[in-house]
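Everything below concerns the one structure shown next.
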């Protein structure tokens, strides 16, 4: 993958505020891209997709199926369709990938076994994919997964959730894992997760997650920035 030096206009869509220290935000700032931000859960309207070279939709605590409880999700699904219909490239992370899958007619649901992934898990490339190296670990934080959409190229898999990353014609991506979460953003996530609501997320487990995040920071940052450079170019 080659580093892109041309300035692009990028829209970053997040479902909560106050953690714009992640790898995607830093990549966009470091590359000098023009960045707009949208927070639909807080009432922000969606702009025109065709005004952007690329759109990144991040994760969130809600489900891609929560459209009745959160009607703004219907607007987000329509906006993602607009991205696919325009020249704008789309990159979905976790909830963003699940919303993309829904737009393409694929199901989003919990696995029959009830398994979830929270923490760092190894991934495997699929077929001759060079998307990542066998056994590379990435942060996961989800209970639902997505079916592989029609005409999508599966890029990566894990033991519990076989559909971890896919690419669509036109250079659109969806990833189930969280390449954007660096140590700074993980600390913010942990500070927002109350111990009484998530008793299984013990201080020891939080520290283990943070330690792995710090140890893998350089590798995942390099991987993420190379992928985003290739995607936006």
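Numbering (the working numbering), first residue to last: 137 to 369.
Even glycine gets a Cβ: it sits at the ideal position worked out from N, Cα and C.
| Item | Value |
| --- | --- |
| Can you tell me whether DSSP reads residue 232 as helix, strand or coil? | helix |
| Would you identify the three-state DSSP class for residue 140, choosing helix, strand or coil? | Note that residue 140 scores 45 on pLDDT, short of 50, meaning its location in the model is unreliable; the coordinates nonetheless yield the value given after this. Three-state DSSP puts residue 140 in coil, outside helix and strand. |
| For a quick check, are the C-beta atoms of residue 312 and residue 281 less than 8 angstroms apart? | yes |
| What are the complete alpha helix (DSSP H) segments, minimum 4 residues, inside the region 180-205? | none |
| Taking the alpha carbon of residue 209 as the reference point, which residue from 172, 179, 157, 307 has its own alpha carbon closest? | 179 |
| Under the rule that 16 or more other beta-carbon atoms within 10 Å means buried, what is residue 142, buried or exposed? | exposed |
| Give me the Cα-Cα distance between residue 164 and residue 362, rounded to the nearest whole angstrom. | 12 angstroms |
| With respect to the alpha helix (DSSP H) encompassing residue 364, which residues constitute its N-terminal and C-terminal limits? | 353-368 |
| Among 212, 191, 159, 158, whose alpha-carbon lies nearest the alpha-carbon of residue 172? | 191 |
| Can you list, in chain order, the stretches of the alpha helix (DSSP H) that have 4 or more residues and sit fully within the region 325-354? | 339-351 |
| Mind reading off the beta-carbon distance from residue 356 to residue 315? Whole number of angstroms is fine, and I expect it under 8 angstroms. | 6 angstroms |
| How long is the line joining the alpha carbons of residue 137 and residue 224, rounded to whole angstroms? | At residue 137 the pLDDT is 38, less than 50, meaning the model places this residue with poor confidence; the figure from the coordinates comes in the next sentence. The straight-line gap from Cα to Cα measures roughly 20 angstroms. |
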